[in-house]
Each structure stands twice: as C-alpha cells, then as structure tokens.
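**Q**
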Amino acid sequence: MDVINIQGTDDTPNVILDKASGQFEISGRSLPEDVNMFYEPILDWIDQYAEDANDHTEFNFKLEYFNTASSKVILDILLKFEEIVENGKEVVIKWHYHEDEEDMLEAGEEYSDIVDIPFDYVLYTD
Amino acid sequence: MSREIESHRFLDFAYQLYKTMKTNEINLVYEGEVTQDITKTFTSLTERNMAKSEESNQVQRKVFNVMVECLQNISKHADTLSDDDEEERRGIVMVSRGDESYKIITGNVIRNTKVPSLKESLEHINSLDKAGLSSLYKQQIVESTISEKGGAGLGLIDIAKKTGSKLSYQFKELNEEVSFFILTSTINRNR
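Taken in sequence, the protein lines are chains A and B.
Numbering of the first sequence is given in the numbering used here, commencing with residue 1 and proceeding in unit increments.
Numbering of the second sequence is given in the numbering used here, commencing with residue 1 and proceeding in unit increments.
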C-alpha cells in the first residue's frame with residue numbers, strides 16, 4: 001500500500017499513514033479552509049486499508065488544535081476504525097494532549113463516548 | 001480651506017479612535033473581507049502579542065481556538081448587503097484585553113430570514129451547563145454531515161464550551177432584508 005506522508009503547515013496537520021511500518025499519526029494543527037479537500041485522500045486511504053487491515057493498529061492523534069469542521073472529519077476517521085474493530089482486528093487510539101490543554105483531553109473523551117474503540121490518553125509537556 | 005478642515009476632521013477622528021481603543025484596551029480592530037489568510041494572520045498576530053505579554057498557556061490556547069471559530073463563522077456564513085457580491089464575506093473583528101478577560105467581538109451581516117433559527121440556537125446553547133453542552137456537541141457531531149461550506153452548527157457550541165461563558169449577542173435590523181449580528185465571546189484570564 002502507498003504511504004501517505006504529508007508535512008504540516010500552520011493550518012494543516014502532519015499526516016503519516018504507513019501500513020508496512022505500522023505508523024498511523026495525525027499531529028499539529030488542523031484548521032484548513034477546505035476540510036473536505038484536505039482529508040479526502042486520507043479517508044480514501046483508510047477505506048483501502050480497512051479492506052486488509054493489520055491485526056493490530058495503533059493510531060496516534062497528537063493535535064495541538066483542530067477547528068470544528070475538522071472535528072467531524074476526525075469522527076469519520078474514527079468511525080472507519082470502529083468498523084475495523086467490528087471486523088475482528090485490534091485498534092487502539094493513542095490520544096495525546098498537552099498538559100495545558102484540558103480541552104484536548106475532553107475532546108478525546110467525547111470521541112471515545114461516541115465510538116467503540118479503546119482510547120489511551122497520553123499526556124505530554126513542551 | 002474646506003479640504004483642510006476635512007483632513008483635520010479625519011486626523012481628529014483617527015486620534016479619537018486611537019484613544020477609544022486604548023481606553024477600552026482593544027488590541028485589534030478590523031473591518032473587511034474575512035478569508036482564511038486573514039484568519040491565519042490575526043490568530044498568529046494575537047498569539048505573538050499574548051506570548052509577549054506572558055499570558056498563561058491555557059488562556060492563549062483558548063483565545064486562539066475561539067478566534068478561529070469566530071473568524072471561520074464569518075468566512076463561511078456572513079451574508080452581504082447587496083446581491084452583487086455573494087461571495088464576499090465581510091465582517092468586523094475586535095479583540096480586547098481587560099484585567100479580567102479577553103473579549104473577541106465579531107459582527108457580520110445576516111439575512112433576516114436566518115435570524116430566528118440563529119437566535120434559537122444561541123438561546124439553547126446559553127441555557128446549557130458544561131455537561132449539557134458536551135452532550136449537545138456529541139449529538140451534533142454525529143448527526144450533522146459536513147455542509148458544502150464545511151462546518152457550521154458546531155462552532156457556537158464549541159465557543160461556549162471552551163470559554164465557559166455565556167455567548168453574548170445582539171441583532172440590529174438594518175432593513176427589511178438584513179440585520180447586523182454581533183457576537184461577544186469572553187475568555188476569563190484568571191482561572
């Protein structure tokens with residue numbers, strides 16, 4: 001499978017999706033002008049990955065900030081991984097949050113209320 | 001002669017504006033088109049100013065978050081006074097820093113037909129506590145699909161959640177077609 005490796009900017013996140021090395025990560029800031037355009041290739045990639053997912057997937061979200069438009073796409077991503085779980089594979093969401101950012105922890109907890117995937121919360125400092 | 005008076009008046013106006021801004025501790029005022037570039041410029045400008053003033057990280061992050069949502073609300077939803085420039089989303093943006101709080105004030109034109117439903121959402125959001133906002137947010141995020149404009153609906157809930165303050169707002173009817181919508185978001189500095 002192709003590797004997705006997108007370098008972040010001041011309004012789009014870093015994205016690494018690599019099935020072979022088992023790296024799945026979205027980090028940085030997500031407030032793109034056109035959320036759909038930015039995330040479409042990522043959602044397509046995950047659809048393809050879901051057809052033959054690894055037995056164990058660890059997906060890292062290490063976001064500093066995301067806007068509400070991005071928050072819906074993040075839910076879409078999580079729902080795709082929920083299907084992978086339903087198909088008998090193991091998925092863990094590593095949800096990283098900065099010590100000064102309680103809102104980010106809360107955001108993770110809200111997602112974990114909605115989707116049926118185990119979440120690990122990881123605190124980080126500067 | 002009259003030109004001189006005119007220019008004197010303008011200088012006087014500029015000085016009055018400057019004084020008013022200083023008295024009210026307004027750090028930023030803008031009127032014009034609100035685009036993604038403007039949003040990025042203002043948020044990074046405000047971030048830099050806050051970093052210089054050694055504002056706490058939590059407050060800095062909240063101000064940044066709320067500014068983005070306010071500005072993107074204008075860039076996605078503002079209506080226009082005339083029908084010829086449908087695509088131009090304009091508004092006013094002000095940021096003030098008081099001893100107690102930051103205020104982010106935005107204003108934009110909105111069609112009168114949209115006012116009742118917006119008012120209803122605002123009232124509903126203001127009636128909820130933290131837990132209520134969280135469940136409304138979860139419900140909305142699941143039910144809504146991304147609109148063509150990308151987003152909407154969640155922005156105001158998010159602002160209320162992150163500020164922990166009631167949304168303060170006003171509608172001023174400009175004519176039969178449109179009103180001016182003013183939203184003030186308050187972020188407490190001492191939490």
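C-beta: ideal position from N, C-alpha, C; glycine also.
All values reported here derive from a predicted model rather than from experimental measurement.
1) I'd like the span of the beta strand (DSSP E) that includes B:K103, first residue to last.
2) Would A:W95 and A:F61 qualify as a contact pair, given that the criterion is a beta-carbon distance under 7 Å?
3) Using DSSP's beta-bridge definition, name the partner residues of B:N188.
4) Quick one: what's got a C-beta closer than 7 Å to B:V66's C-beta in the same chain, skipping five residues either side?
5) So, at 6 Å on beta carbons, what are the nonlocal neighbours of B:V29 in its own chain, with the 5 sequence-adjacent residues on each side left out?
6) Could you list the residues in the segment 58-88 of chain B with a C-beta less than 9 Å from some C-beta on chain A, going in chain order?
7) Given a limit of 7 Å on CB to CB distance, which residues of the segment 96-121 of chain A reach chain B?
8) How about the segment 101-108 of chain A and the segment 79-88 of chain A: do they share at least three Cβ pairs that are nearer than 8 Å?
9) Which one or two residues does DSSP pair with B:L183 in a beta bridge?
10) Helix, strand or coil: how does DSSP classify A:I42 here?
11) Could you check whether the Cβ of A:T68 sits closer than 7 Å to any Cβ belonging to chain B?
12) Taking the alpha carbon of B:N24 as the reference point, which residue from B:E88, B:L136, B:S101 has its own alpha carbon closest?
13) Listing by chain order, which chain B residues have their CB less than 7 Å from the CB of A:S30?
14) Comparing the C-beta of A:L75 with each C-beta of chain B, is any distance below 7 Å?
15) So which residues of chain A does B:Y137 contact, with C-beta pairs closer than 8 Å?
16) Grouping DSSP H, G and I as helix and E and B as strand, with all else coil, what is A:K94?
17) Measuring CB atoms only, is the segment 12-20 of chain B touching the segment 34-46 of chain B, in the sense that at least three cross pairs come out at less than 8 Å?
18) I need the straight-line Cα distance from A:V92 to A:S27, nearest angstrom please.
19) If we count Cβ pairs, one from each stretch, closer than 8 Å, do we get three or more for the segment 45-56 of chain A versus the segment 69-81 of chain A?
20) Checking contacts by CB at 7 Å: is A:E86 closer than that to chain B?
21) On a CA-only basis, which of B:K119, B:S117, B:S179, B:S44 is nearest B:L71? Give me that one, please.
22) Whose CA, out of A:E110, A:D113, A:Y97, lies closest to the CA of A:D126?
**A** This is what the structure gives:
1) Note, B:K103: beta strand (DSSP E), 101-111.
2) yes
3) B:S101
4) I104, I159, K162, T163, S185, I187
5) M94
6) Q58, Q60, R61, K62, F64, N65, V68, E69, Q72, S75, K76
7) D100, E101, D103, E110, D113, I114
8) With the cut-off at 8 Å, the segment 101-108 of chain A and the segment 79-88 of chain A do not touch.
9) B:T106, B:Y169
10) A:I42 falls in the helix class under three-state DSSP.
11) yes
12) B:S101
13) What A:S30 touches in chain B: nothing, since even the nearest Cβ is about 10 Å away.
14) Yes, because at least one Cβ of chain B sits closer than 7 Å to the Cβ of A:L75.
15) E110
16) strand
17) no
18) 16 Å
19) yes
20) no
21) Closest option to B:L71, judged by alpha-carbon separation, among B:K119, B:S117, B:S179, B:S44: B:S44.
22) A:Y97
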